[in-house]
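**Student:** Input: one structure, supplied below.
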Amino acid sequence: MLRGTACGFGSLAFSGLLADRARASGNPLLPASGHRPGKAKNVIFLFMRGGPSQVDTFDYKPELSKKHGEEVAGNRQYFQSPWDFHRYGQCGLPISDLFPHTARHADELCVINSMHTDISNHPQAILQMLTGSFQFVRPSVGSWVVYGLGTENQNLPGFITINPDFSAGGARKYGSAFLPSATAGTAINQWGGGDGEGAPSLKGFEIPYATNEYLAPEDQRRQLDLIQSLNRERLERDRVNDPLEGIIQSFETGFRMQSEMPELMDVDREPSYVRERYGLDTETTDNFGRACLMARRFVESGVRFVQLDLGFWDQHKDLAGGHQKLADASDRPVAALLADLKERGLLDETLVLWGGEFGRPPILNKDKGRDHNADGFTMWMAGGGVKGGLRYGTTDELGYKAEENKVHLHDLHATLLHLLGLDHERLVYRYGGRDFRLTDVFGKVVHDIVA
Amino acid sequence: MFTLFRVRTSFAAAGFALFLVAAPDSEAADDPKQVAFFEEKIRPVLVNHCYECHSPEAEEIESDYLLDTREGIRKGGASGVDAVIPGDVDGSQLVAAIRYGDERLQMPPEGKLPDAVIRDFETWVEMGAADPRDGRSRLPREIDADSHWSFQPPVRHDPPEVEASAWPRDAIDRFVLAELEKQGLAPADDADRATLLRRASLELTGLPPTTTELDAFLADPRPDAEAFEEVVDRLLAEPGFGERWGRHWLDVARFGESSGYSRNMLYPYAWRYRDWVIGAFNDDLPYDEFVAHQIAGDLLPAETPEERDRKIIATGFLTIGPKTLNESNPLLFELNVADDQIDATCRAFLALTANCARCHDHKYDPIPTDDYYALAGIFRSSRNLAGVATNVRAEHEAARPLGEDGDKRLAEIEAAHELVAMLQEEYKELLKPRDALRKELEEKGIDWKKNPSPELVAAETRVQSHKDKLAAAREGIPENPPFAMAVDEGRRISEEEWLAELEENKKKKKPTDPRIADSPVYVRGVHTSPADPVPRGVPTLFSDDLPAPEIGPGESGRLQLAEWIVNPENPLSARVYVNRVWHHLFGVGLVDTVDNFGLLGAGPSHPELLDRLALDFVADGWSTKRLVRRIVLTRTWQLSSAVNDRAHEIDPDGRLRWRFVPQRLEGEALRDSILHVGGGLDREAPASSQVHDIAMLQEKALQREIGRRDFYYSQVDDDVNHRSVYLPMARDAIFDSLRVFDSLDPNLVVGARKVITVPSQALFLLNSDLVREQSLSFAKRLVAGTPSLDGQIDLAFRTIYSREPSSAERTRLEAFFQGDAPDAESWATAVQALICAGEFRTLY
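Those sequence lines, one after another, are chains S and G.
Residue numbering for the first sequence is 75 to 525, as defined by the numbering used here.
Residue numbering for the second sequence is 22 to 865, as defined by the numbering used here.
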């Protein structure tokens with residue numbers, strides 16, 4: 075899988091090499107080796123938008139029960155999880171009854187209980203989780219990964235995002251910012267959000283404008299050739315025109331996508347046992363099941379980074395009802411995804427990441443909901459070279475603040491890149507006279523969770 | 022002794038705490054022996070162990086403690102406790118910290134210093150803490166804020182002397198050329214006429230030139246400069262100017278036609294603000310007035326009802342922002358609205374980010390929390406008339422009536438509604454005796470329909486006549502006057518009166534209109550922790566040069582705020598605006614960060630030029646059109662975009678303006694240009710907006726929620742051919758034809774659009790009906806009107822790219838048609854290819 079040998083990387087600094095490779099080939103999507111071999115080749119990021127509550131999912135806090143019902147300022151109270159926890163797997167990882175199916179893969183999960191981030195507003199926190207910065211327009215995590223490693227299948231985008239909504243920066247959540255635009259995420263089923271009902275069904279979803287009603291495929295190919303020859307002649311005349319190079323790339327990818335993507339997205343072609351397993355055609359699980367199944371098919375076909383959006387875990391009201399509904403929608407599909415990847419031998423090289431932009435406090439407000447909490451939350455990883463069956467880091471005894479082995483989201487990003495064989499301090503891009511990194515000046519790799 | 026200190030409780034955050042008393046300079050400072058002790062024993066330790074976190078060079082200064090000067094090391098940091106008290110070893114917090122005696126305050130954090138070193142410090146303090154390091158220790162925010170370039174009054178600079186003295190046409194050219202010559206660079210050649218015409222047409226009106234315009238300009242026998250001047254004046258006079266430049270401003274004004282956030286409610290009247298902006302650019306409303314109308318138009322004199330309406334509509338700026346209409350806490354909602362207004366006002370007009378100061382003093386810019394709440398007081402003293410509501414928040418439900426008799430009509434409508442409500446109540450009352458009579462008969466076993474008692478007959482008659490009255494009253498509700506989104510002044514009533522009303526309204530679950538009053542500071546931005554109110558006022562950051570205006574007790578202060586912003590002495594307003602104009606004309610501002618002139622913003626590439634432009638702009642009557650005209654008539658703007666290798670190596674981004682850097686067209690200009698080529702563009706402005714029409718399908722404001730299934734999405738029509746600026750701009754629901762091309766985000770003040778290139782753009786251009794239809798429509802004209810293939814190819818290139826084809830391109834197209842005389846369908850495919858190719862959406 076190591077490519078890019080033509081560049082003769084030998085002792086060169088890799089950060090320079092990455093940029094050179096993209097420049098030299100004019101195609102930043104060609105696969106490249108990282109700074110060192112990494113176990114993970116691909117990433118599936120199950121983004122739980124809205125912020126699931128840690129003490130109700132993967133951060134078991136028996137002490138909270140003792141404080142249960144104790145008043146807190148503002149007509150609120152400490153509140154134990156309405157769901158019971160049980161221990162699963164060889165490792166005995168405690169997982170709440172929200173996720174009985176995912177729990178069967180406890181020995182694969184590396185649960186990080188000590189996550190923390192900087193801000194507890196959704197729009198900013200979401201952008202920080204997905205781009206590293208809430209203040210500035212920065213490339214998304216997926217774009218950085220594709221920039222670093224290229225992608226294996228040139229007929230598909232390197233980065234696909236399924237069911238993203240328009241909120242919190244819209245396309246910025248999967249944008250390339252100053253990185254080559256070919257590294258930007260391609261959205262499937264982007265939707266309007268706002269009514270709290272979740273993304274519209276993926277069933278029968280077609281990528282907008284991916285079919286042409288006027289031209290036969292061969293005629294469109296000829297048309298595309300004309301477009302690209304015009305572009306290349308113009309580029310030759312301009313000599314320097316980075317945006318035009320981006321346009322050329324966008325047509326190549328776009329054109330190939332319109333033939334391959336519909337096939338891959340047609341998950342109804344899968345055998346019925348697979349469809350059942352992912353919960354397709356069952357109302358509660360159909361949509362996320364389709365998303366997960368597509369994610370598996372994409373990764374299998376060589377897409378580097380797949381981001382799935384499920385929300386809105388923002389239960390300021392009715393925690394019990396809201397979390398249950400979202401868990402019901404996602405537990406079986408996620409479990410199926412893990413099982414399926416494992417059976418196909420893909421889990422070792424696919425890093426699955428689950429979590430939201432922040433967490434929630436161990437406190438119930440007057441509306442029977444939990445508010446926002448950036449000081450402590452939980453994410454989990456599976457496959458891709460992480461230690462399974464591990465519960466890493468802690469929050470305080472009530473589950474409020476990250477305490478031991480704290481992992482900031484910059485650390486998470488650094489670790490994610492590390493697992494892919496990329497050094498977050500060397501994966502840089504020079505823009506406007508300055509080298510930029512996903513982790514800015516922050517980030518420490520959490521070596522303890524690397525297998 | 023530790024009780025002397027207010028020590029932070031968390032060990033992680035423990036730093037030197039802080040201090041108030043400035044110690045007097047000690048004579049010890051002058052004693053050479055003691056100074057030698059300091060130099061030998063103390064300074065090296067400070068440099069090696071402390072400066073990393075406690076000097077201006079620190080990446081982040083811990084606890085605001087700077088010990089790089091005598092003053093700083095003594096004064097201490099954020100805790101307010103003296104860190105070094107000459108002669109008082111045990112009272113000096115610095116000594117306490119290095120002794121490691123208190124686990125909450127141990128410095129340096131990486132480990133205790135050797136005992137000998139600690140003893141040196143004790144000795145040094147004991148002797149009088151001699152310290153030769155003069156100067157003030159100031160946090161970067163303090164140091165820079167005083168001298169930060171954009172907070173200083175602009176200075177009028179004469180343009181510098183240049184070697185190539187024949188080249189410049191305007192002072193601007195001389196400023197630019199002088200910088201180039203400093204780098205040993207020369208400007209590129211002038212752009213050719215065709216390129217220039219296309220550049221000017223797209224930049225000024227958002228549309229490419231027609232072939233007639235192209236031919237006329239190419240054939241103009243006058244010298245280039247003269248001929249071009251006429252072109253520029255023609256373009257400035259076209260309605261397209263306001264449509265394009267108005268759209269630029271709408272980006273800055275975070276214009277949107279719905280509330281966004283979790284309950285996305287339509288704004289039926291936002292379009293009036295949009296049209297006002299476009300009109301203001303077309304009429305060249307002086308920028309100072311343009312600003313003042315948006316903040317306080319309702320408070321400015323007006324000679325005619327139309328003028329009054331225009332000024333009212335302008336204040337829509339303050340209330341078209343996103344709103345958290347699902348916020349259950351009314352105070353928090355109000356504070357969020359004020360926050361949006363503060364943010365939009367400060368960013369749009371001053372390029373300052375003020376809203377950090379909602380929770381704490383701004384970390385970089387000199388905007389303390391008090392300033393934020395002084396502004397909040399101004400906005401909270403104003404009423405939002407937005408025509409939008411949910412079942413949770415109805416504060417902004419009323420809209421502002423327009424027209425000479427608008428208020429009267431609204432009052433009549435309200436009276437009529439009240440009459441209906443009253444009659445309805447009465448009607449209910451009348452039913453009771455009637456029903457009782459009916460029941461009475463029923464109980465006696467009498468069929469009251471057939472044998473009504475006389476009393477019942479009389480009752481029925483009364484009911485019927487009342488019913489008729491009610492119907493007539495309903496019928497008599499007058500039609501609505503036209504409405505606008507706007508703000509006006511809060512009420513002048515005492516706090517007691519207001520609170521009483523609040524109580525009363527709470528019972529009725531009705532919102533209470535705001536009164537004119539100062540806002541408390543909310544500690545750390547938390548709405549449940551009000552502290553003392555601060556007087557309503559303007560930011561204090563350049564109060565030395567521009568005194569704070571007086572705000573009377575019965576005034577919100579919006580008028581004074583507006584006057585303060587457009588005061589020629591305000592060092593930011595004109596600079597920020599001329600930079601925005603420069604940004605649009607060159608693709609990048611003289612200051613890159615067009616929305617941030619604060620300490621975290623970029624510095625100007627040509628500071629003297631920026632000042633000069635700003636001062637000239639004010640002196641020239643704040644005219645946008647004359648500013649644009651001036652810039653596009655410079656040689657700098659008219660340079661070709663050809664790349665010179667040496668210059669490119671030194672300045673790849675072209676910030677020195679050695680060439681015209683090609684720009685990408687925004688989604689709006691691209692869509693409009695496609696329609697223009699295809700002949701489908703509808704140049705008429707729509708009467709209002711689709712958003713208005715769709716909203717009106719629902720009688721009540723609280724029913725106009727976009728997310729409610731099949732309400733908005735099933736009604737909105739994207740098959741319309743108006744210019745893009747008129748397309749519906751409901752937040753988070755923008756048409757694909759615009760959305761795929763830009764990261765247009767009406768939730769934020771966006772002075773500089775982000776250019777993105779993604780495959781979905783290619784797919785839209787290749788496969789959408791819009792592009793195919795317009796391509797076909799042009800192809801039909803082409804085939805019908807031009808007999809030879811050669812002529813067709815010429816005309817296609819001149820229409821689409823405003824230039825002749827190269828011979829290679831001609832050959833390429835002939836090959837594409839494979840020698841056949843192409844029909845309209847084949848030509849449509851080729852036309853579409855020309856539209857898809859990057860040149861069409863590039864401004865060279």
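Just so you know, even glycine gets a beta-carbon here, dropped at the ideal spot from N, CA and C.
Do you know whose CA, among G:Leu769, G:Phe563, G:Asp637, lies nearest tryptophan 170 of chain G's CA?
**Tutor:** G:Phe563
**Student:** Looking at C-alpha atoms only, which residue of S:Arg330, S:Gly363, S:Leu204 is the closest neighbour of leucine 276 of chain S?
**Tutor:** S:Gly363
**Student:** Buried or exposed: valine 515 of chain S, going by 16 or more other Cβ atoms within 10 Å of its Cβ?
**Tutor:** exposed
**Student:** Beta-carbon of glutamate 307 of chain S versus every beta-carbon of chain G: anything under 8 Å?
**Tutor:** Look at glutamate 307 of chain S: its C-beta is under 8 Å from a C-beta on chain G.
**Student:** Between glutamine 315 of chain G and alanine 335 of chain G, what straight-line distance do the alpha-carbon atoms span, to the nearest angstrom?
**Tutor:** Across the structure, glutamine 315 of chain G and alanine 335 of chain G are spaced so that their CA atoms are roughly 5 Å apart.
**Student:** Taking DSSP as the reference, what is the three-state secondary structure of tyrosine 134 of chain S?
**Tutor:** coil
**Student:** Have a look at the DSSP bridge pairing and note the partners of phenylalanine 504 of chain G.
**Tutor:** G:Pro422
**Student:** Kindly give me the distance between the Cβ atoms of tyrosine 503 of chain S and tyrosine 221 of chain S, rounded to whole angstroms, as I take these residues to be in contact under 8 Å.
**Tutor:** 7 Å
**Student:** Can you find a C-beta in chain G that's less than 8 Å from the C-beta of isoleucine 25 of chain S?
**Tutor:** Missing from the structure shown is residue 25 of chain S; chain S here goes from 75 to 525 and no further.
**Student:** If you reduce the DSSP assignment to three classes, tell me which class glutamate 259 of chain G lands in.
**Tutor:** coil
**Student:** With a threshold of 6 Å on Cβ separation, who are the neighbours of glycine 427 of chain G within its own chain once the five nearest residues in sequence on each side are excluded?
**Tutor:** Pro502
**Student:** Could one say the Cβ of proline 107 of chain G lies closer than 8 Å to chain S's Cβ atoms, at least one of them?
**Tutor:** no
**Student:** Got a sec: which bits of the region 654 to 670 of chain G sit with their beta carbon under 9 Å from any beta carbon on chain S, in order along the chain?
**Tutor:** Within the region 654 to 670 of chain G, the residues whose Cβ lies closer than 9 Å to any Cβ of chain S are, in chain order, Ser662, Ala663, Val664, Asp666, His669.
**Student:** If you measure between the beta carbons of phenylalanine 262 of chain G and valine 252 of chain G, is that distance less than 8 Å?
**Tutor:** no
**Student:** Return the first residue and the last residue of the beta strand (DSSP E) that methionine 455 of chain S is part of.
**Tutor:** 451 to 456
**Student:** Quick one: list the residues of chain S neighbouring proline 683 of chain G, beta-carbon separation under 7 Å, in chain order.
**Tutor:** Asn315
**Student:** Between the Cα of aspartate 192 of chain S and the Cα atoms of S:Asp293, S:Gly124, S:Ser207, which residue gives the shortest distance?
**Tutor:** Among S:Asp293, S:Gly124, S:Ser207, the Cα nearest to that of aspartate 192 of chain S belongs to S:Ser207.
**Student:** Pick helix, strand or coil for histidine 142 of chain S, following the three-state DSSP scheme.
**Tutor:** coil
**Student:** Give me the Cα-Cα distance between methionine 455 of chain S and phenylalanine 325 of chain S, rounded to the nearest whole angstrom.
**Tutor:** Take the alpha-carbon of methionine 455 of chain S and the one of phenylalanine 325 of chain S: they are about 35 Å apart.
**Student:** Is leucine 784 of chain G close to chain S, meaning its C-beta is less than 8 Å from at least one C-beta of that chain?
**Tutor:** yes
**Student:** Put phenylalanine 172 of chain G into one of helix, strand or coil per three-state DSSP.
**Tutor:** Three-state result, phenylalanine 172 of chain G: helix.
**Student:** Rounded to whole angstroms, what's the CA-CA distance from glutamate 247 of chain G to alanine 221 of chain G? Just pull it up for me.
**Tutor:** Those two C-alpha atoms are separated by around 15 Å.
**Student:** Hey, quick one: how far does the alpha helix (DSSP H) through glutamine 711 of chain G stretch, first residue to last?
**Tutor:** 711 to 716
**Student:** Can you check which of these residues, S:Asn229, S:Arg308, S:Glu499, S:Trp428, is closest to glutamate 830 of chain G by C-alpha distance?
**Tutor:** S:Arg308
**Student:** By DSSP, does threonine 260 of chain S sit in helix, in strand, or in coil?
**Tutor:** strand
**Student:** Who are the near neighbours of valine 519 of chain S in its chain, counting only those whose CB is closer than 6 Å to its CB and skipping five residues on each side?
**Tutor:** Ala488, Thr489, His492
**Student:** Quick check: what's the CA-CA separation for valine 426 of chain S versus histidine 142 of chain S?
**Tutor:** 34 Å
**Student:** Excluding five sequence neighbours on each side, which residues of the same chain lie with their C-beta closer than 7 Å to the C-beta of alanine 180 of chain S?
**Tutor:** Cβ neighbours of alanine 180 of chain S beyond the five flanking positions: Tyr162, Gly163, Cys165, Leu167, Ile169, Gly463.
**Student:** Check whether chain G comes within 8 Å of alanine 96 of chain S, counting only Cβ atoms and requiring the distance to be less than that.
**Tutor:** Confidence is the limiting factor: at alanine 96 of chain S the pLDDT is only 45, short of 50, which leaves the residue's position unreliable, though a coordinate-based value still follows. No, its Cβ sits nowhere closer than 8 Å to a Cβ of chain G.
**Student:** Can you list the residues of chain G that proline 282 of chain S reaches, using a CB-CB cut of under 7 Å?
**Tutor:** Residues of chain G passing the Cβ test: Asp757.
**Student:** Taking 8 Å as the CB-CB cut-off, is alanine 851 of chain G touching chain S?
**Tutor:** Yes, its Cβ sits closer than 8 Å to a Cβ of chain S.
**Student:** If contact means a Cβ-Cβ distance below 8 Å, which residues of the region 318 to 346 of chain S contact chain G?
**Tutor:** Within the region 318 to 346 of chain S, the residues whose Cβ lies closer than 8 Å to some Cβ of chain G are Leu318, Gly320, Ile321, Ile322, Gln323, Ser324, Phe325, Thr327, Gly328, Phe329, Met331, Gln332, listed in chain order.
**Student:** Leucine 855 of chain G touches chain C at which residues, Cβ-Cβ below 9 Å?
**Tutor:** Absent from the structure: chain C. Protein chains present are S and G.
**Student:** Quick one: list the residues of chain G neighbouring glutamate 392 of chain S, beta-carbon separation under 9 Å, in chain order.
**Tutor:** With the sequence shown as reference, residue 392 of chain S is identified as aspartate, and glutamate is not the correct amino acid for it. Result: empty, since nearest Cβ-Cβ is about 14 Å, beyond 9 Å.
**Student:** At the level of alpha carbons, what is the spacing between leucine 423 of chain G and arginine 293 of chain G?
**Tutor:** 11 Å
**Student:** Measuring only the C-alpha atoms, how far is isoleucine 755 of chain G from proline 749 of chain G?
**Tutor:** 7 Å
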